[in-house]
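S.K.:
Number of protein chains: 2
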Amino acid sequence: MTFGFLIFPGLEELDLVGPWEMISMWSKHLQGPETCLTVAQTRDPVICAKGLSINPSAAFSGCPQLDYLLVPGGQGTREQVNNDVLIRFVAEQARGCRATLSVCTGSFILHRAGLLAGRRATTHWSSLARLAELGGVEVVQERVVRDGNVWTAAGVSAGIDLALAFIESVAGETVAGKVQFGTEYFPSSRRYGDLHQSPQAPAYLRRC
Amino acid sequence: MTFGFLIFPGLEELDLVGPWEMISMWSKHLQGPETCLTVAQTRDPVICAKGLSINPSAAFSGCPQLDYLLVPGGQGTREQVNNDVLIRFVAEQARGCRATLSVCTGSFILHRAGLLAGRRATTHWSSLARLAELGGVEVVQERVVRDGNVWTAAGVSAGIDLALAFIESVAGETVAGKVQFGTEYFPSSRRYGDLHQSPQAPAYLRRC
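Those protein sequences? They're chains A and B, same order as listed.
All letters in the first sequence, in the order written, are residues 12 to 219 by this note's numbering.
All letters in the second sequence, in the order written, are residues 12 to 219 by this note's numbering.
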């Protein structure tokens, strides 16, 4: 099994590396996918939204058929939805994938590739209305959404929760628990201030 | 202000990018440090523990005096504690820093650089005993530990909680809340299985 992580200029760093950590821990220590790849249009370094510079492990042209594909979000998605080469890569890979996943505004790339048609999906709280306006998708205000073999997560850090839920679905709760323990992912429940109760906050937060 | 993130071969990806995301969000949108740098011994690409390849933004030789320095952990720390050039860089920078921080086994690098002498500190649950055996440090089983201007976090994902607590200490709760909201860091409290109650689990987890 090969798990691919799409990378492109302006991706949000934690959208990518949160799931990368969980999936690659599963891969390396718990008999998860044999290979984890970062894949970009070319092999040039990719500069992320906050300036981190990452070297892809594969270019589209040399990328094997993936079993799983994850698409991060970030400011760069606003440009990439108009990148036909990237959208075609996602659409074609997804046809052969067991599952396709996105984090944050990565869902706009899935939408453009036709993967959200008639499905429930989510995105960062600040982009929920914008995704709904595109039409052809049922936008829900949950942290992690699964609709068949398409998984979407809310903003940035929600990709970590997505990844653990995904690992459980493929490999079971015991394996997900070992990844959680290995990465010591038992986050503080501290809430700084009260923005999670503001009108902009997504429904899953306001009902807590 | 300049916030530097030490990078070296074999660092654990999320140890670095969790705090990077929070600090760089603060930097870019909320008047945090003007500059966030990744700094390595040379400008060559750094291959992380799970294979991600990152290009440093500065080498030790060209690095300005930092105001804050964060040291991630990972398997690579076992070699880096014996890298005199790296340890000297950390020790010398820390003298001029307002705060020095580590995530996971990054605390072993702080220890070797003399920064934990007589202080309370923590590390990944699987390395707590090993850190205590080094002596000269009071090892505590908390998720985030502050002792004066030295901050240490527990394993991997704990760096995110460390970063928010640190931002609050410097810029106040409102700013930390905006970073939390921007990164949608309201994690699931789901616990997969019961390893958090096992004898190996750190005290902060077992008492939950």
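Where is the CB? At the ideal position from N, CA and C, for every residue including glycine.
As the structure is a computational prediction, the values presented were derived from the model and not from experiment.
Buried or exposed for Ala214/A, please, with buried defined as at least 16 other CB atoms from any protein chain shown within 10 angstroms of its CB.
M.R.: Flag for Ala214/A reads exposed.
S.K.: Along chain A, which residues have their Cβ under 9 Å away from the Cβ of Ile65/B?
M.R.: Under the 9 Å cutoff, chain A gives Leu63, Ser64, Ile65, Asn66.
S.K.: Counting only runs of 4+ residues fully inside the segment 55-113 of chain A, write out the alpha helix (DSSP H) ranges in chain order.
M.R.: As far as the segment 55-113 of chain A is concerned, its whole alpha helix (DSSP H) runs of at least 4 residues are 88-91, 95-107.
S.K.: Within 7 Å of any Cβ in chain A, is that where the Cβ of Ser118/B sits?
M.R.: Not closer than 7 Å to any Cβ of chain A, the Cβ of Ser118/B fails to qualify, so no.
S.K.: Ordered along the chain, which non-local residues of its own chain (more than five positions away) have a Cβ less than 6 Å from that of Leu81/B?
M.R.: Same-chain partners within the cutoff: Phe16, Pro30, Leu112.
S.K.: Determine the DSSP secondary structure at Gly15/A, reduced to helix, strand or coil.
M.R.: Correct three-state label for Gly15/A: strand.
S.K.: Name the residue from Ala51/A, Trp37/A, Gly84/A whose alpha carbon lies nearest to the alpha carbon of Lys61/B.
M.R.: Ranking the options by Cα distance to Lys61/B, first place goes to Trp37/A.
S.K.: Anything in the segment 190-216 of chain B with a Cβ closer than 9 Å to a Cβ of chain A? List those residues in chain order, please.
M.R.: For the segment 190-216 of chain B, which is checked against every Cβ of chain A, the residues closer than 9 Å are Val190, Gln191, Phe192, Gly193, Thr194, Glu195, Tyr196, Phe197, Pro198, Ser199, Ser200, Arg201, Arg202, Tyr203, Gly204, Asp205, Leu206, His207, Ser209, Gln211, Ala212, Pro213, Tyr215, Leu216.
S.K.: Quick test of the definition: if touching needs 3 or more C-beta pairs under 8 Å, does the segment 134-145 of chain A touch the segment 45-52 of chain A?
M.R.: Touching, no, given that fewer than three Cβ pairs across the two stretches are closer than 8 Å.
S.K.: Checking contacts by CB at 7 Å: is Gly21/B closer than that to chain A?
M.R.: Not closer than 7 Å to any Cβ of chain A, the Cβ of Gly21/B fails to qualify, so no.
S.K.: For Arg131/A, which beta-bridge partners are listed by DSSP?
M.R.: Answer is Glu149/A.
S.K.: With DSSP collapsed to three states, give me the class of Asp205/A.
M.R.: Looking at Asp205/A - three-state DSSP - the assignment turns out to be coil, as it is neither helix nor strand.
S.K.: I think Ala187/A touches Leu175/A, with their Cβ atoms under 8 Å apart; what is that distance to the nearest whole Å?
M.R.: About 5 Å; that satisfies the 8 Å criterion.
S.K.: Which whole-angstrom value describes the C-beta separation of Leu142/B and Ser168/B, a residue pair presumed to lie in contact below a C-beta threshold of 8 Å?
M.R.: The pair is not a contact, with the Cβ atoms about 19 Å apart (cut-off 8 Å).
S.K.: Would you mind reading off the limits of the alpha helix (DSSP H) that contains Arg217/A?
M.R.: That run of the alpha helix (DSSP H) goes 214-217.
S.K.: My guess is that Leu139/A and Val161/A are in contact by the Cβ rule of under 8 Å, so how many angstroms apart are they, rounded?
M.R.: Their Cβ separation, rounded to whole angstroms, is 17 Å, which puts Leu139/A and Val161/A out of contact at 8 Å.
S.K.: Considering only C-alpha positions, which residue in the set Cys219/B, Phe197/B, Ser199/B is nearest to His207/B?
M.R.: It is Cys219/B whose Cα lies nearest to the Cα of His207/B.
S.K.: Just verifying my parser: in three-state terms, what is the DSSP assignment at Leu126/A?
M.R.: Of the three classes helix, strand and coil, the one that applies to Leu126/A here is coil, per DSSP.
S.K.: From the DSSP output, in three-state form, read off Val167/A for me.
M.R.: Reduced to three states, the DSSP call for Val167/A is coil.
S.K.: Please list, in chain order, the residues of the segment 145-174 of chain B that have any C-beta partner in chain A closer than 8 Å.
M.R.: From the segment 145-174 of chain B, only Arg154, Val155, Ala165, Gly166, Val167, Ser168, Ala169, Ile171, Asp172 have a Cβ closer than 8 Å to chain A.
S.K.: Would you mind giving the Cβ-Cβ distance between Asp158/B and Arg131/B, rounded to the nearest angstrom? I have them listed as a contact below 8 Å.
M.R.: Rounded, the Cβ-Cβ distance is 5 Å, consistent with contact.
S.K.: Between the segment 110-141 of chain B and chain A, which residues of the former have a C-beta closer than 7 Å to a C-beta of the latter?
M.R.: Answer in chain order: His135, Trp136.
S.K.: The beta strand (DSSP E) that contains Leu48/B, what's its start and end?
M.R.: Run containing Leu48/B: 46-51, per the beta strand (DSSP E) assignment.
S.K.: Excluding sequence positions up to five away, which residues of its chain have a Cβ less than 6 Å from the Cβ of Val151/A?
M.R.: Arg131, Thr133.
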